[in-house]
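Anchor point for the sequence shown: position 306 equals 806 in my numbering, and the numbering is continuous, going up by one each time.
Below: one structure, written as structure tokens.
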Amino acid sequence: MNTHAPVTAHTRNATIDVAKGIGILLVVLGHNFWVVDQVALKSVVYSFHVPLFIFLAGVFFRPDRSLRLTVARRADALLKPYFITLVALAAFQVFFRGRDGAELGGGILYGTGATIAWIPLWFLPYLFLLTLGAWLYWRVCGLRQGGAVRRIAALAVLLVGGVWAMTKIAASSAVLFGQPIATAGLPWSVGLLPIGGFYFMLGYYCQAYLMRIRWHTAGAALALLAFVALFYFVGATMDLNQNRYDGLFGSTAAALLGIYLALQLAAVLQQCEPAARALRYVGESSLLLLLLHGIVQAIFFTKVREDLVGGAVPHAALAYVVGVGVPLLVGEVLKRLPLLEHLLLPRRLS
Numbered sequence: 501m502n503t504h505a506p507v508t509a510h511t512r513n514a515t516i517d518v519a520k521g522i523g524i525l526l527v528v529l530g531h532n533f534w535v536v537d538q539v540a541l542k543s544v545v546y547s548f549h550v551p552l553f554i555f556l557a558g559v560f561f562r563p564d565r566s567l568r569l570t571v572a573r574r575a576d577a578l579l580k581p582y583f584i585t586l587v588a589l590a591a592f593q594v595f596f597r598g599r600d601g602a603e604l605g606g607g608i609l610y611g612t613g614a615t616i617a618w619i620p621l622w623f624l625p626y627l628f629l630l631t632l633g634a635w636l637y638w639r640v641c642g643l644r645q646g647g648a649v650r651r652i653a654a655l656a657v658l659l660v661g662g663v664w665a666m667t668k669i670a671a672s673s674a675v676l677f678g679q680p681i682a683t684a685g686l687p688w689s690v691g692l693l694p695i696g697g698f699y700f701m702l703g704y705y706c707q708a709y710l711m712r713i714r715w716h717t718a719g720a721a722l723a724l725l726a727f728v729a730l731f732y733f734v735g736a737t738m739d740l741n742q743n744r745y746d747g748l749f750g751s752t753a754a755a756l757l758g759i760y761l762a763l764q765l766a767a768v769l770q771q772c773e774p775a776a777r778a779l780r781y782v783g784e785s786s787l788l789l790l791l792l793h794g795i796v797q798a799i800f801f802t803k804v805r806e807d808l809v810g811g812a813v814p815h816a817a818l819a820y821v822v823g824v825g826v827p828l829l830v831g832e833v834l835k836r837l838p839l840l841e842h843l844l845l846p847r848r849l850s
């Protein structure tokens with residue numbers, strides 16, 4: 501019997517929505533130019549911010565849905581904004597910058613961070629494939645009726661197989677569609693499906709726990725100490741877009757500890773209504789933040805840095821605020837422009 505009651509807007513713990521807000525804010529932070537230059541801070545953020553996002557996506561996974569509906573919903577939510585945004589950008593670059601349309605189009609179809617203009621958008625086709633892969637894996641492995649042993653084994657296969665696949669890709673000298681696999685990865689980051697599937701399915705399995713998650717002082721303190729010690733003694737991190745996973749134990753432990761700490765932080769902030777409301781609002785706008793935060797921060801820093809005083813940190817902080825604020829403002833504008841909202845944002849499908 502399947503013990504996982506589906507998480508819906510009516511049943512889920514509001515802490516999950518707060519965690520989504522924290523997750524997308526960490527993604528924006530990870531692409532801030534100052535953070536990228538701080539090796540230690542970047543390693544900390546990158547060790548768990550993408551696994552957290554994948555984990556939270558898994559929380560809302562509905563393997564009982566038909567394949568047709570799963571494809572329709574995920575394509576509308578992920579592929580539609582991916583293609584519309586990048587095709588529009590490519591058209592601009594062709595007509596006003598003289599870029600090669602075939603090259604840009606090929607990069608969009610290949611769909612990895614190395615082949616598209618706005619790197620963060622690699623995650624959209626990847627998450628689409630990840631959801632379909634999880635739907636298939638859940639059925640092939642018989643996880644509807646499977647007990648704890650089968651589920652743990654299924655997760656272990658994904659984790660070990662995922663690290664192995666990333667190692668093989670990094671060492672490959674093959675070229676696919678003109679792209680070196682070692683640096684560009686496989687189309688739509690398909691080589692990352694097993695490792696992402698581990699965090700995705702883990703999120704699915706943790707649905708019941710997340711429905712009742714509460715702040716635990718001792719647990720959070722121990723997790724924080726373990727997280728700090730892990731970085732001090734091991735220093736393992738990851739960057740899935742760069743096909744980097746420093747170690748089966750180190751990178752996985754850092755990601756799991758980071759996810760747990762983010763969930764604990766969400767549980768605390770959920771008790772403060774103004775903070776919880778703000779983070780839920782940010783979480784609801786995560787798609788627009790993913791689409792726009794990188795280019796907004798880059799443009800802001802490039803255009804105004806010569807006019808600002810106070811050093812790199814204030815500039816970076818201001819760029820971060822703008823990188824969050826502008827996509828949120830765009831979201832409010834889209835609510836008043838139904839056609840654009842329909843083009844970029846997910847529709848409500850039954």
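We put the CB at the ideal spot given by N, CA and C, even for glycine.
Keep in mind the model is a prediction, meaning the values are calculated, not measured.
Item	Value
For P838, which three-state DSSP category applies?	helix
Grab me the residues of G521's own chain with a C-beta within less than 7 Å of its C-beta, minus the 5 sequence neighbours each way, in chain order.	L779, R780, V782, G783
Suppose the cutoff is 7 Å on Cβ atoms and the five residues either side in sequence are ignored; what does the same chain contact list for A674 look like?	I681
Here's a check: name, in chain order, each residue in its chain whose Cβ is nearer than 6 Å to the Cβ of Q593, leaving out the five neighbours to either side.	R599
Determine the direct distance from the alpha carbon of L627 to that of R644, and round the result to whole angstroms.	22 Å
L556: which of L828, D517, V535, A819 sits nearest, CA to CA?	D517
Applying the 10 Å Cβ sphere with the 16-neighbour rule, what's the burial state of R847?	exposed
Can I619 and I608 be called in contact, C-beta distance under 8 Å?	no
Using DSSP with H/G/I as helix, E/B as strand and the rest coil, what is P563?	coil
Leaving out the 5 sequence neighbours to the left and right, which residues in its chain are closer than 6 Å to T752 when beta-carbon positions are compared?	none
Taking the continuous alpha helix (DSSP H) assigned at S547, which residues delimit it?	Here S547 belongs to no alpha helix (DSSP H), and DSSP marks it neither H nor E.
Determine the closest residue to S547 out of G750, C772, V804, with distance taken between C-alpha atoms.	G750
Return the residue from the list A514, I524, A519 that minimises the CA-CA distance to G823.	I524
Looking at the structure shown, is G744 part of a helix, part of a strand, or coil, going by DSSP?	In the sequence as presented, Gly is not what sits at residue 744; that position holds Arg. In the structure shown, R744 sits in a strand (DSSP, three-state: E or B).
So, with DSSP's three-state summary, where would you put V675?	strand
Which of the three DSSP states is assigned to V833 in this structure?	helix
Can you name the start and end residues of the alpha helix (DSSP H) that H716 belongs to?	It is not in any alpha helix (DSSP H) - H716 carries neither H nor E in the DSSP assignment.
Within 10 angstroms of the Cβ of H549, are there 16 or more other Cβ atoms? Answer buried if so, exposed if not.	buried
Return the CA-CA distance between A653 and W622, expressed in angstroms with no decimal places.	29 Å
Determine the contact status of V830 and L792, defining contact as a CB-CB distance below 8 Å.	yes
What are the partner residues of D739, as DSSP defines its beta bridges?	R744
Please classify R574 as buried or exposed, where buried requires at least 16 neighbouring CB atoms within 10 angstroms.	buried
May I ask you to report which of helix, strand or coil DSSP gives P680?	strand
Using three-state DSSP, classify I616 as helix, strand or coil.	coil
Determine the DSSP secondary structure at Q797, reduced to helix, strand or coil.	helix
T503 by DSSP, collapsed to three states: which one?	Bear in mind that a pLDDT of 48 at T503, under 50, signals an unreliable position, so the model cannot answer this.
Alpha carbon to alpha carbon, what distance is there between A766 and L624?	24 Å
Taking A645 as part of the alpha helix (DSSP H), name the residues at either end of that continuous run.	Note that residue 645 corresponds to Gln in the displayed sequence, not to Ala. Where Q645 is concerned, there is no enclosing alpha helix (DSSP H), given that its DSSP letter is neither H nor E.
Have a look at L636 and P551 and give me their C-alpha separation to the nearest angstrom.	20 Å
Between V527 and L790, what straight-line distance do the alpha-carbon atoms span, to the nearest angstrom?	8 Å
For L659, count the other beta carbons within 10 Å of its own beta carbon; 16 or more makes it buried, fewer makes it exposed. Which is it?	buried
Using 8 Å for Cβ pairs, my map puts L692 next to F727. What's the rounded Cβ distance?	Not a contact, Cβ separation roughly 23 Å.
Would you give the residue range spanned by the alpha helix (DSSP H) that A602 belongs to?	601-610
Out of A729, A588, F533, which has the shortest C-alpha to C-alpha gap to V821?	F533
Determine whether the beta carbon atoms of L702 and L655 lie at a separation below 8 Å.	yes
Buried or exposed for H815, please, with buried defined as at least 16 other CB atoms from any protein chain shown within 10 angstroms of its CB.	buried
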